[in-house]
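The listed protein sequences derive, respectively, from chains A and B.
For the first sequence, my numbering gives the first residue as 1, with consecutive numbering after it.
For the second sequence, my numbering gives the first residue as 1001, with consecutive numbering after it.
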Amino acid sequence: MTALAHNLEKQTLVTLRTITEPHPGSLDTYVKLGGYAQLKRIVTEKVKATDIITQIKLSNLRGRGGAGFPTGLKWSFMPRYYDGTKYLVCNTDEGEPGTFKDRDIIRYNPHQLIEGMAIAAYTLGARVGYNYIHGEIWEDYEIFEAALAEARAAGYIGENLFGSNFSFDLHAVHGYGAYICGEETALIESIEGKKGQPRFKPPFPASFGVFGKPTNVNNTESYASIPWIMQHGGEAFQNLGVYNSGGTKLFSVSGHVVNPGNYEVRMGTPFTELLEMAGGIWKGRELKAVIPGGPSTAVMPAKNILGATLDYDGLSKAGSSLGAGSMIVMDDSTCMVKALKRLSYFFFEESCGQCTPCREGTGWLYRVIKRISEGQGRMEDLDLLTDVSSNISGRTICALGDAAATPVLSFVKHFRPEFEYYIQHGRSMVENRE
Amino acid sequence: MLSAESIQKIEYELTKYPADRRQAAVMSALRIAQTEKGWLSKETISFVSSYLGIPDIAAMEVATFYNMYELEPVGKYKITVCTNISCMLRDSDSIVEHLNHKLGIGFNETTPDGKFTLKEGECMGTCGGAPLFHINNTRMCEFLTPEKVDQILEELN
Ligand SMILES: Cc1cc2nc3c(=O)[nH]c(=O)nc-3n(C[C@H](O)[C@H](O)[C@H](O)COP(=O)(O)O)c2cc1C
Ligand code: FES
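Okay, here's the thing in structure tokens:
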């Protein structure tokens, strides 16, 4: 399968480094590009785990699943000496609207993920790994299963790798339609064959994870960065990016651009460059707003994002955050009331129902916004929305509650006149205006 | 109650987990059962739970929690359209309307001949290909236009 991608020559390809090849996902392609050489070197030369973690720390790789937690630090939390099986988990459950980057890693460069996970397993002493894949991308799940079989047959995963005493089994498992399973403890519950309801933390997965054993959970893109870091060194990875944000980042660009898709660029790239790579705003229209990291990050009006750089500090200075790098682009024909209504429905539908503030609050938010969109809103509703949101935030076991509150607070903050207009006139300020 | 082929597939899934953790395979076992039967009846779920040696309620909880399991019969082809934000911005509404018109059914309805069921889905993690739907939880159809939808429907007919 040839990859579907745009403007590859302008990208800096690390996690998708096979994508320019005719058969990007095949083992031959990956090996030809130097794949599995790092795993082999590390295992046969018995590189010390602490030296690997030092390189990961130097690289300034921060978790690509959305929270941006430093990966090297996370790895150092895993207990070193433990009698029994430790687990490694990869989170390929992306289902936050606008996020579709990990899919391209498993279909176009699955072996780099496998190598990254095997290096992590060696470093952390994990014997078994699971890659938990979003149930909706079934064809890609099968591609990954096939890649695992290839890697197993070639001796890159399995027993006594490269004649050493290091063994690592890796399996693909899947979700079946529950956004909440992207949250790491819900995901662990799901691997165990249960409803995906998040666990209280602490204990963290590093001490109590899959089957109650020490478990390291990282995002797909995080693991896929590891082989490059081990090949070129932590410092080289840091230098691809900027202060506080090492490396490259895959940005999923969706919505009103000419060429939606994934773009891998250096951290710190100006937003305008990314927008240009995606062909700019479609239909010759103007940019209105961007949700830069998936709906759990605050929406940004055009003026705030146009000057921003794409890295952790750059986006937080500009009033939002990097999240998973899921850029949802909206042109000037977008009705913000309608957009927020759809997002609120999503969080209401996907709340797992465990915590009262989230279960009840997301329903409230949706009903109030729906009422506004049906011309039945009242001015007080805007304060009510802010109030309910603030009462969900910080009062739930997992961050889905905060994620549900963020779009409401930021949409109302930045586009208040549009909401007021809708309430006053019973119709949208932007739709059908021609 | 399941075919030998399905049992074989469940056995493969069981190899992924420790021998005393058979419940872990329930997600895939239910998926395999649904693929064979079209939907999950109480009997099918019970069969899966007894095969895995777990309480019925444990399998039932999973079957009801995850959206892609069907607890009622569906048509031969279940079409799930994503209407979440990135798809909405690429006019998934027009795809839904086109399907409503062509099939004469709305969401959660099945055509009288039992061929098609229409469902609304949440984000599938493939938003770059919007607008899109998937068929029977497996086949993803992206960059849809009304013409492309017609082609796909014709091919299924
Ligand atoms: C509601 C919710 C959904 C999440 N979805 C995902 C997801 O789809 N993929 C992901 O990698 N992390 C997701 N996360 C974050 C994970 O809990 C976890 O932090 C992450 O997988 C850790 O990997 P990283 O450190 O490499 O980013 C989600 C968190 C929450 C609260
Ligand atoms: S919003 Fe439709 S696939 Fe993500």
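Heads up, the beta-carbon is just placed ideally off N, CA and C, and yes, glycines get one too.
Bear in mind the structure is a predicted one, so any value in this text is a computation, not a measurement.
Closer than 7 Å: residue i CB and nearest ligand 2 heavy atom
i                       : result
residue 260 of chain A  : no
residue 1085 of chain B : yes
residue 343 of chain A  : no
residue 1140 of chain B : no
residue 1124 of chain B : yes
residue 324 of chain A  : no
residue 355 of chain A  : no
residue 1082 of chain B : yes
residue 97 of chain A   : yes
residue 1118 of chain B : no
residue 1130 of chain B : yes
residue 352 of chain A  : no
residue 1127 of chain B : yes
Any non-hydrogen atom of ligand 1 closer than 7 Å to residue i Cβ
i                       : result
residue 13 of chain A   : no
residue 400 of chain A  : yes
residue 93 of chain A   : yes
residue 1074 of chain B : no
residue 991 of chain B  : Coverage of chain B is limited to positions 1001 through 1157, which leaves residue 991 of chain B absent and any answer about it impossible.
residue 183 of chain A  : yes
residue 482 of chain A  : No answer is possible for residue 482 of chain A: the residues shown for chain A start at 1 and end at 434.
residue 69 of chain A   : yes
residue 188 of chain A  : no
residue 137 of chain A  : no
residue 408 of chain A  : no
residue 7 of chain A    : no
residue 359 of chain A  : no
residue 246 of chain A  : no
residue 222 of chain A  : yes
residue 403 of chain A  : yes
residue 65 of chain A   : yes
residue 191 of chain A  : no
Expected contact under 8 Å - CB spacing of residue i and residue j to nearest Å
i                       : j                       : result
residue 346 of chain A  : residue 97 of chain A   : 6 Å
residue 327 of chain A  : residue 253 of chain A  : 5 Å
residue 296 of chain A  : residue 314 of chain A  : Their Cβ separation, rounded to whole angstroms, is 18 Å, which puts residue 296 of chain A and residue 314 of chain A out of contact at 8 Å.
residue 99 of chain A   : residue 1106 of chain B : Incorrect: roughly 29 Å between the Cβ atoms, too far for contact.
residue 264 of chain A  : residue 12 of chain A   : 6 Å
residue 1103 of chain B : residue 1116 of chain B : 5 Å
residue 69 of chain A   : residue 62 of chain A   : 6 Å
residue 1130 of chain B : residue 1094 of chain B : That pair is no contact at about 12 Å.
residue 240 of chain A  : residue 247 of chain A  : 5 Å
residue 1023 of chain B : residue 1069 of chain B : No, residue 1023 of chain B and residue 1069 of chain B are not in contact; Cβ-Cβ is about 16 Å, not under 8 Å.
residue 278 of chain A  : residue 258 of chain A  : 7 Å
residue 1135 of chain B : residue 1078 of chain B : 7 Å
residue 56 of chain A   : residue 72 of chain A   : 4 Å
residue 122 of chain A  : residue 77 of chain A   : About 17 Å separates the two Cβ atoms, so there is no contact after all.
The alpha helix (DSSP H) enclosing residue i, as first and last residue numbers
i                       : result
residue 392 of chain A  : 380-392
residue 1087 of chain B : 1085-1089
residue 1027 of chain B : 1026-1037
residue 1042 of chain B : 1042-1052
residue 412 of chain A  : 400-414
residue 289 of chain A  : Counting along the chain, residue 289 of chain A falls outside any alpha helix (DSSP H), though it belongs to the beta strand (DSSP E) covering 287-291.
residue 1064 of chain B : 1056-1065
residue 1020 of chain B : Run containing residue 1020 of chain B: none; DSSP gives neither H nor E here.
residue 1006 of chain B : 1004-1014
residue 1097 of chain B : 1092-1103
residue 1149 of chain B : 1146-1156
residue 304 of chain A  : 302-305
Span of the beta strand (DSSP E), counted from its first residue to its last, around residue i
i                       : result
residue 13 of chain A   : Looking at the DSSP string, residue 13 of chain A is not in any beta strand (DSSP E), and its letter there is neither H nor E.
residue 1133 of chain B : 1133-1135
residue 367 of chain A  : Segment 356-373 is the alpha helix (DSSP H) holding residue 367 of chain A; no beta strand (DSSP E) there.
residue 74 of chain A   : Taken as a continuous stretch (DSSP letters only), residue 74 of chain A belongs to no beta strand (DSSP E), being part of the alpha helix (DSSP H) at 71-76.
residue 1122 of chain B : Here residue 1122 of chain B belongs to no beta strand (DSSP E), and DSSP marks it neither H nor E.
residue 1115 of chain B : Note, residue 1115 of chain B: premise wrong, no beta strand (DSSP E); not H, not E.
residue 1077 of chain B : 1077-1082
residue 1139 of chain B : 1139-1141
Legend entry - Within the segment 189-274 of chain A, ranges of the beta strand (DSSP E) (whole runs, at least 3 residues): 215-219, 248-255 and 261-266
Inset, instruction - Please list the segments of the beta strand (DSSP E) lying wholly inside the segment 311-335 of chain A, counting only runs of 3 or more residues, in order along the chain. - result: 326-331
Inset, instruction - Could you pull out every unbroken beta strand (DSSP E) segment of at least 3 residues lying fully inside the segment 80-113 of chain A, listed in chain order? - result: 87-92
Legend entry - Minimum length 4: unbroken alpha helix (DSSP H) runs contained in the segment 104-176 of chain A: 110-124 and 138-153
Legend entry - Those runs of the alpha helix (DSSP H) which lie wholly inside the segment 3-56 of chain A and span at least 4 residues: 27-32 and 37-44
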